[in-house]
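Pasting the structure below:
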């Protein structure tokens, strides 16, 4: 039996929760709703959620605070689509920096929301075809780090695991598969998200910034992910592959 994706809608507007819930259920999703961060955590404690649709403007803890906390709990972060009534680029960028996978401004068409949800879920589960490794290759080593590609765990030289979002994982895999090669922003967006950039798309730059933080790579003088002005990015470390320890 095909798995039904479970979406959690977090919005303090009851009408929006009901409308989106009915619409998504009509299109084959299982839906839970919450009006606050407290209710969101209560649902997450008892249900296997596949994705969160999260409103930015919430009473108490706002969407940015909740987004940040979801990425700081040590577990693999859930995909997040952030909703907001604000239409300023700064708010969109801040949401992406906090770990949101996509962003939609109110008011929006329900068909667009449905398309965005499906795209985010697809990207969250996607490893681009060119990144498929042999079954025997489970670990990629670079610098003081190693990436377990089966468990999707990033570990430092002490063996401590660093949680990666799905987008961060895919970007790191792209860099590790193309070390010491210049990759343009368009190439990175295509390889990690399967789409083309528009003129104002800064999502790759934001994602690189997030990944640098995970790798403790100083953005002012990066050693691993270097920026080449007007060209793109280059991963500067040597990469070695091997099998995971039994």
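Residue numbers (my numbering): 72 to 317.
We treat Cβ as the ideally placed atom computed from N, Cα and C, and that holds for glycine.
In the structure shown, the three-state DSSP call for residue 246 is helix. Membership of residue 87 in any beta strand (DSSP E) is not indicated; the residue belongs instead to the alpha helix (DSSP H) covering 85-97. In the three-state reduction of the DSSP assignment, residue 114 falls in the helix class. By the C-beta criterion, the stretch 184-196 is judged not to be in contact with the stretch 293-305, since fewer than 3 inter-stretch pairs fall below 8 Å. Between the alpha carbons of residue 84 and residue 121 lies a gap of roughly 22 Å. CA-to-CA, the gap between residue 127 and residue 313 works out to about 42 Å. If you look at residue 75, you'll find it isn't in any alpha helix (DSSP H); DSSP assigns it neither H nor E. In chain order, 80 place their CB closer than 6 Å to the CB of residue 91, counting only its own chain and leaving out the 5 sequence neighbours on each side. For residue 219, the uninterrupted beta strand (DSSP E) segment begins and ends at 216-219. Note that the stretch 160-180 does not touch the stretch 214-234; fewer than 3 beta-carbon pairs, one per stretch, sit closer than 8 Å. For residue 275, the uninterrupted alpha helix (DSSP H) run begins and ends at 274-285, by DSSP.
C-alpha of residue 78 to C-alpha of residue 89: approximately 13 Å in a straight line. For residue 155, the enclosing beta strand (DSSP E) starts and ends at 151-155.
Residue pairing from DSSP leaves residue 142 without any beta-bridge partner.
The beta carbon of residue 247 lies closer than 6 Å to those of 211 and 310 in the same chain, with the five residues before and after it left out.
Taken in chain order, the complete beta strand (DSSP E) segments of 3 residues or longer contained in the stretch 167-195 are 173-176. The C-beta separation of residue 307 from residue 294 comes to about 7 Å, placing the pair in contact by the 8 Å criterion. In the displayed model, residue 298 falls within a strand according to three-state DSSP.
Taking each of 215, 280 and 110 in turn and checking the Cα distance to residue 242, the smallest one comes out for 280.
DSSP places residue 259 in the helix class (H, G or I) of the three-state scheme. Taking 9 Å as the cut-off, the beta carbon of residue 108 is found no closer than this to the beta carbon of residue 135. Residue range 101-105 is occupied by the beta strand (DSSP E) that includes residue 105. In the three-state reduction of the DSSP assignment, residue 311 falls in the strand class.
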